[in-house]
Amino acid sequence: MRVFGLAGWSGSGKTTLMTALIPEFVSRGITLSTIKHAHHSFDIDQPGKD
13 MRVFGLAGWS GSGKTTLMTA LIPEFVSRGI TLSTIKHAHH SFDIDQPGKD
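The numbering of the sequence shown is the numbering used here, which starts it at 13 and goes up by one.
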């Protein structure tokens with residue numbers, strides 16, 4: 013198993029980068045999962061947020 017981590021400030025483009033990388037990984041036959049970690053409480057169904 014390989015693990016890839018991505019961290020950065022809010023608004024720095026983490027989600028944009030991952031939405032570009034995921035199709036590339038899949039096109040190369042890489043099976044993947046994503047997990048979001050936040051140090052604060054959040055509502056998983058909050059409109060407009062990932």
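C-beta: ideal position from N, C-alpha, C; glycine also.
Only a predicted model underlies this, so the values are computations on that prediction, with no experimental measurement involved.
(1) Quick one: give me the first and last residue of the alpha helix (DSSP H) that Val38 is part of.
(2) Considering only the beta carbon of each residue, do Leu18 and Lys26 sit closer than 8 Å?
(3) Which one of Phe16, Ser22 and Ser45 has the shortest CA to CA distance from His51?
(4) List the whole-angstrom C-beta distance separating Met30 from Thr46, where the pair is believed to meet the contact cut-off of C-beta under 8 Å.
The structure says:
(1) Lys26 to Ser39
(2) yes
(3) Ser22
(4) 7 Å
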